Structures are given as C-alpha cells and as structure tokens.
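A.B. asks: Sharing a structure here in structure tokens format.
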Amino acid sequence: MANESAELSPTDWVQDQTKQILETGTTEGIDVLGSPVVLLTLRGAKTGKLRYTPVMRVEHDGKYAVVASKGGAPEHPTWYYNIKAYPEFPLQDGTVTKDYVAREVEGAERAEWWERAVAAYPPYAEYQEKTDRLIPVFVLEPK
Ligand SMILES: C[C@H](OP(=O)(O)OC[C@@H](O)[C@@H](O)[C@@H](O)Cn1c2nc(=O)[nH]c(=O)c-2cc2ccc(O)cc21)C(=O)N[C@@H](CCC(=O)N[C@@H](CCC(=O)O)C(=O)O)C(=O)O
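As numbered in the numbering used here, the sequence shown has no gaps in its residue numbers, which increase by one up to the final residue, 260.
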C-alpha cells in the first residue's frame, strides 16, 4: 500500500494541511483550533483509490478513536464508508506510521471514547448538538 500514491482532499484547507504533513514528514505542528491531528490513508469504498484523510488525534493506550463528525453535518463524511469497506489502514501520528484495524463502536464503549474525543477536541460536543445524526466513532487497534 505504501508505494501506491494517494489522493488529496478536494477541500482546500484539508489539502493544505495534508500537503504540510507530507512535506515535513510529521503531523507535529498541524492543528485544528489548537488540537493535534493524525493522518489516515483510506481506500475508497467504490473507486478503490487511496485517499489521505486527516482527523483529530484521540489516543489512549496505543489505540485511537476516529470521529466521523464532518462538523456536525446532517450526513456522514464519505470517508465513513471507506473505513466500513476497508477497515485496515495506516495512521500517521508524528513521524510514526503504523497499520490499524478500525471497528465502529456503540453503547458504553462508544461513550467512553466519545468522552476522550471531546477532551481532545471540545468542538465535537457542539457538532453532536448540531445534528440528530449519531456521530459515528471508530476505535483503531494496532494490527
Ligand atoms: C469532500 C469529501 O470529503 P469527505 O470524505 O466527506 O470528508 C469530509 C471531511 O470529514 C474530511 O475532509 C476530513 O479530513 C476533515 N477533518 C475531519 N473530519 C471529520 O469528520 N472528523 C475529524 O475529526 C476531522 C479532523 C480533521 C483535521 C484536520 C483536517 O485537515 C481535516 C479534518 C471528499 O473528500 N470527497 C472526495 C472523495 C470521496 C470518496 O471517498 N469516495 C469514495 C466512495 C465513498 C462512498 O462510498 O460514497 C471512493 O473513492 O470510492 C471526492 O469527492 O473526490
């Protein structure tokens, strides 16, 4: 997977942040409202293309949560379907890239990780207020 080239987001600010990570070789120094970011490389559910997808960094005990918030929009980000289709993918945190397996979580496990996510990036709480869509949470465990 590493040698296949991946696509950048069509969204300018996301593309800019991804380019910075690729050029500097680290996610260090990339933030959204002061909170750190990690970089996923996901495979498109329909096209099979690799796609760089930055998300907020929510880490605990070597596991990560990935929150399909899309700013509280009424619909899931399309990358939600990419993870559902191809749940094994690399995550870059700082200069380290490792493979993880993602699992959508619910109930008490989701609540536990949602708390961690809001602690890492408080605007997630506002996003959930904005929509009656239950914002999906994936937990990523090292492969
Ligand atoms: C615009 C669209 O974006 P999206 O997948 O809906 O995701 C929207 C955003 O969530 C995405 O840009 C995130 O990276 C934004 N984002 C976060 N988004 C979040 O939802 N949560 C976060 O925590 C988050 C943090 C974050 C930090 C930094 C940063 O720069 C961006 C951040 C997109 O990229 N479309 C592409 C790809 C579409 C795609 O993935 N197609 C799939 C098919 C998908 C399907 O089955 O429908 C395929 O190729 O097969 C396109 O239209 O060409």
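Note that beta-carbon positions come from the ideal geometry of N, C-alpha and C, so glycine has one too.
All figures in this text were calculated on a predicted structure; none of them were measured in a lab.
Ordered along the chain, which non-local residues of its own chain (more than five positions away) have a Cβ less than 6 Å from that of Y238?
C.D. replies: S152 and M173
A.B. asks: In three-state DSSP terms, what is V175?
C.D. replies: coil
A.B. asks: May I have the straight-line CA-CA distance separating K136 from G146, to the nearest angstrom?
C.D. replies: 13 Å
A.B. asks: Helix, strand or coil: how does DSSP classify Y238 here?
C.D. replies: coil
A.B. asks: Start and end of the alpha helix (DSSP H) containing D129?
C.D. replies: D129 to T141
A.B. asks: DSSP has T170 in a bridge; who is on the other side?
C.D. replies: L157
A.B. asks: Closest to K260 by C-alpha separation, out of Y244, V254, Y181 and T164, would be which residue?
C.D. replies: It is Y181.
A.B. asks: Which same chain residues end up closer than 7 Å to W231 when comparing Cβ atoms and leaving out the 5 residues on each side of it in sequence?
C.D. replies: So the qualifying residues of the chain are V254.
A.B. asks: Just verifying my parser: in three-state terms, what is the DSSP assignment at M118?
C.D. replies: Since pLDDT at M118 reaches only 47, below the 50 mark, its modelled position is unreliable, and no value is offered.
A.B. asks: For a test of the three-state rule: what should DSSP assign to A202, helix, strand or coil?
C.D. replies: Note: A202 maps to helix in three-state DSSP.
A.B. asks: Tell me the residue span of the beta strand (DSSP E) that contains R214.
C.D. replies: Correcting the residue identity first, residue 214 is Thr in this sequence and not Arg. V213 to V222 is the span of the beta strand (DSSP E), which, as asked, contains T214.
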